[in-house]
Amino acid sequence: GAAAAAHADTGATPAAASCATDGDREFPLTTRLHGGPAGYTAGGGYGVWYVDLTNTTDRTCTAVHPVIVLVDAERALKPGHAQLEFYDRGTVTDPADATRPPATTDPGTPSPSPTPRPHPVRFELTDEDELVGALADDEAGFRGFTVGPGRTLTVKVRLQFTSAAVANEVVANAAVVQRHRDDGDWVGQSNDYRFRVEAAPRTGTGEPEPDVPRDPEEDRAPSPGPHPRPGDSTAPPSSTAPA
Numbered sequence: 001g002a003a004a005a006a007h008a009d010t011g012a013t014p015a016a017a018s019c020a021t022d023g024d025r026e027f028p029l030t031t032r033l034h035g036g037p038a039g040y041t042a043g044g045g046y047g048v049w050y051v052d053l054t055n056t057t058d059r060t061c062t063a064v065h066p067v068i069v070l071v072d073a074e075r076a077l078k079p080g081h082a083q084l085e086f087y088d089r090g091t092v093t094d095p096a097d098a099t100r101p102p103a104t105t106d107p108g109t110p111s112p113s114p115t116p117r118p119h120p121v122r123f124e125l126t127d128e129d130e131l132v133g134a135l136a137d138d139e140a141g142f143r144g145f146t147v148g149p150g151r152t153l154t155v156k157v158r159l160q161f162t163s164a165a166v167a168n169e170v171v172a173n174a175a176v177v178q179r180h181r182d183d184g185d186w187v188g189q190s191n192d193y194r195f196r197v198e199a200a201p202r203t204g205t206g207e208p209e210p211d212v213p214r215d216p217e218e219d220r221a222p223s224p225g226p227h228p229r230p231g232d233s234t235a236p237p238s239s240t241a242p243a
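Per full-length UniProt numbering, the sequence shown starts with residue 1, numbered consecutively.
#1: Ignore the nearest five residues each way along the sequence and tell me which others in A73's own chain have a CB closer than 7 Å to its CB.
#2: Compute the beta-carbon to beta-carbon distance between P116 and D138, rounded to the nearest angstrom, for a pair I have assumed lies under 8 Å.
#3: Can you tell me whether DSSP reads A140 as helix, strand or coil?
#4: What do you get for R75, buried or exposed, if any count of 16 or more other CB atoms within 10 angstroms of its CB means buried?
#5: If the criterion is Cβ atoms closer than 7 Å, does the pair L33 and V51 meet it?
#6: Across which residues does DSSP place N55 in a beta bridge pair?
#7: Determine the burial state of R202: buried for a count of at least 16 other Cβ atoms within 10 Å of its Cβ, exposed for fewer.
#8: Which residues mark the beginning and the end of the beta strand (DSSP E) in which D183 is found?
#9: Taking the continuous beta strand (DSSP E) assigned at C61, which residues delimit it?
#10: Is the CB-CB distance between G44 and P37 below 7 Å?
#11: Do you know how far the Cα of Y193 is from the Cα of A172?
#12: At the level of alpha carbons, what is the spacing between H119 and V132?
#13: Would you call the CB atoms of G39 and R158 closer than 7 Å?
#14: Please name the residue, chosen from L29, T41, A20, V69, that lies closest to residue 315 on a Cα-to-Cα basis.
#15: Run the CB neighbour count on R143, radius 10 Å, all protein chains shown included, and call it buried at 16 or more, exposed below.
#16: Can you tell me where the beta strand (DSSP E) with L153 in it begins and where it stops?
#17: Around the C-beta of R25, are 16 or more other C-beta atoms found within 10 angstroms, so that it is buried, or is it exposed?
#18: What does a CB cutoff of less than 6 Å around A165 pick up in its chain, not counting 5 residues either side in sequence?
#19: Between which two residues does the beta strand (DSSP E) containing F195 stretch?
#20: With 16 other CB atoms within 10 Å as the buried threshold, where does D22 fall?
#21: Check the DSSP bridge columns for V176 and list the partner residues they point to.
#22: Can you tell me the Cβ-Cβ gap for H147 and C61, rounded? I've got them flagged as a contact below 8 Å.
#23: According to DSSP, is A221 helix, strand or coil?
#24: Does the distance from the C-beta atom of F86 to that of V187 stay below 7 Å?
Right, dumping it as structure tokens:
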């Protein structure tokens with residue numbers, strides 16, 4: 001698919017044991033987008049949302065990269081209009097052990113810094129006029145997320161639109177890829193996150209107001225809502241990315 005193809009272009013990574021097997025009828029990672037705002041203003045600040053990755057298998061999934069796809073009704077979004085960042089450490093929870101507090105980092109994911117930090121996502125425009133970008137940053141040493149058996153990893157992302165973006169209706173979803181050198185397996189598919197982009201306010205000259213970034217410290221924490229169960233997955237019955 002387009003998402004997997006775009007992800008393959010982000011560079012090679014060491015081979016990882018596949019968390020998908022030929023006998024799997026569902027994707028090994030149940031994936032859920034949640035917590036995002038209903039709308040954004042072009043030229044405004046970041047909106048924060050979260051990607052839940054729940055490992056429904058008894059195998060550890062490594063080198064995992066969600067690939068975010070943005071589809072807009074006007075087919076007017078360009079790579080320079082949307083700015084997405086992800087944080088290189090997520091929050092890990094184990095539904096089987098409610099007595100243990102959730103970890104604040106994923107011990108299997110290397111990070112060049114002791115605290116989570118944002119990494120930019122490089123969007124590309126597909127032949128279908130969709131924006132596709134992988135949560136990957138090889139130059140910074142980020143090699144993907146690790147999700148242990150039965151665990152849920154919650155990844156924080158933040159999105160904003162430049163003043164050049166037009167009023168639009170947008171649908172975001174995530175195809176999840178496990179990388180193997182220059183190839184990868186399709187191991188998860190998320191729900192849709194729908195939102196609206198409002199045009200940038202006009203100044204007295206008729207020009208859009210300049211972009212105003214928001215202090216990332218204002219970003220709110222994830223809600224403690226229930227995580228999806230393995231049986232809740234709406235992913236198609238394939239577990240390998242199509243050729």
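Cβ atoms here follow ideal geometry from the backbone N, Cα and C, with glycine treated the same way.
In short, the structure shows the following:
#1: Locating residue 73 in the sequence shown gives position 73, where the first residue counts as 1. Same-chain partners within the cutoff: N168, E169.
#2: Here the question's residue 116 lines up with position 116 in the sequence shown. Here the question's residue 138 lines up with position 138 in the sequence shown. Not a contact, Cβ separation roughly 18 Å.
#3: Walking along the sequence shown from the start, residue 140 turns up at place 140. Of the three classes helix, strand and coil, the one that applies to A140 here is helix, per DSSP.
#4: The residue labelled residue 75 in the question sits at position 75 within the sequence shown. Classification of R75: exposed, given that the 10 Å Cβ count is below 16.
#5: Residue mapping note: residue 33 aligns to position 33 of the sequence shown, counting from 1. Residue mapping note: residue 51 aligns to position 51 of the sequence shown, counting from 1. Their beta carbons are under 7 Å apart, which means L33 touches V51 by this criterion.
#6: The count along the sequence shown starts at 1 and reaches residue 55 at position 55. According to DSSP, N55 bridges with L29.
#7: To locate residue 202, count along the sequence shown from 1; it is residue 202. Per the 10 Å Cβ criterion, exposed.
#8: For this step, residue 183 is matched to residue 183 along the sequence shown. Residues 183 to 189.
#9: The residue labelled residue 61 in the question sits at position 61 within the sequence shown. Where C61 is concerned, the enclosing beta strand (DSSP E) stretches over 61 to 72.
#10: The residue labelled residue 44 in the question sits at position 44 within the sequence shown. The residue labelled residue 37 in the question sits at position 37 within the sequence shown. Result no, Cβ atoms of G44 and P37 do not sit closer than 7 Å.
#11: Taking the sequence shown and counting its residues from 1, one reaches residue 172 at position 172. Taking the sequence shown and counting its residues from 1, one reaches residue 193 at position 193. Between the alpha carbons of A172 and Y193 lies a distance of about 5 Å.
#12: Taking the first residue of the sequence shown as 1, we reach residue 119 at position 119. Taking the first residue of the sequence shown as 1, we reach residue 132 at position 132. Whole-angstrom Cα-Cα distance: 16 Å.
#13: As a first step, residue 39 must be located in the sequence shown, where it is residue number 39. As a first step, residue 158 must be located in the sequence shown, where it is residue number 158. No; because the gap between Cβ atoms is not below 7 Å, this pair is not in contact.
#14: Absent from the model: residue 315. The displayed extent of the chain is 1 to 243, so no value can be given.
#15: Residue mapping note: residue 143 aligns to position 143 of the sequence shown, counting from 1. Result: buried.
#16: Numbered from 1 along the sequence shown, position 153 holds the residue referred to as residue 153. L153 -> beta strand (DSSP E) spans 152 to 161.
#17: Against the sequence shown, residue 25 aligns to sequence position 25. By the 10 Å Cβ count, R25 comes out exposed.
#18: Mapped onto the sequence shown, residue 165 falls at position 165. Excluding residues within five positions, the ones whose Cβ falls inside 6 Å are A42, H81, V197.
#19: Along the sequence shown, one-based indexing puts residue 195 at 195. F195 -> beta strand (DSSP E) spans 193 to 198.
#20: For the purposes of this step, residue 22 is taken as residue 22 along the sequence shown, with counting starting at 1. It is exposed - the Cβ of D22 has fewer than 16 other Cβ atoms within 10 Å.
#21: Sequence index remark: in the sequence shown, residue 176 carries index 176 (1-based). The partner list for V176 (beta bridge, DSSP) reads P66, G188.
#22: For the purposes of this step, residue 147 is taken as residue 147 along the sequence shown, with counting starting at 1. For the purposes of this step, residue 61 is taken as residue 61 along the sequence shown, with counting starting at 1. Checking the sequence shown, residue 147 turns out to be Val, not His. The Cβ separation is near 5 Å, so the contact holds.
#23: Counting from one through the sequence shown, the residue named residue 221 turns up at place 221. With a pLDDT of 40 at A221, under the threshold of 50, the modelled position of this residue cannot be trusted, and the question is left open.
#24: Position 86 of the sequence shown, counted from the start, is the residue given in the question as residue 86. Position 187 of the sequence shown, counted from the start, is the residue given in the question as residue 187. In this structure, V187 does not lie closer than 7 Å to F86 by Cβ.
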